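Residue numbers (the numbering used here): 1 to 69. Cβ atoms here follow ideal geometry from the backbone N, Cα and C, with glycine treated the same way. These figures come from a predicted structure and were not determined experimentally.
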């Protein structure tokens with residue numbers, strides 16, 4: 001799991017979210033959220049912005065660039 005995935009997981013845990021709830025809130029599929037969380041797939045900039053918005057994670061350009069690289 002990458003540091004970014006850890007940050008998303010920590011934010012999910014602090015808000016009491018599971019992948020199904022995050023998927024519903026972001027409009028992404030549960031499979032897509034699970035792939036991002038496992039590190040098997042990196043989120044696009046738009047996906048990260050959506051996840052960040054729901055979880056209150058900063059989506060500054062450098063962080064998003066690292067996630068999407």
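Asked                                                                                                             : Found
Outcome for residue 39 when other beta-carbon atoms lying within 10 angstroms are tallied against a minimum of 16 : exposed
Cβ-based neighbour list, residue 36, same chain, cut-off 6 Å, excluding 5 preceding and 5 following               : 43
Rounded Cβ spacing between residue 26 and residue 57 (contact assumed at less than 8 Å)                           : With 8 Å as the limit, residue 26 and residue 57 do not qualify as a contact, their Cβ atoms being about 12 Å apart.
Distance CB(residue 22)-CB(residue 12) smaller than 8 Å                                                           : yes
DSSP three-state assignment for residue 18, whether helix, strand or coil                                         : coil
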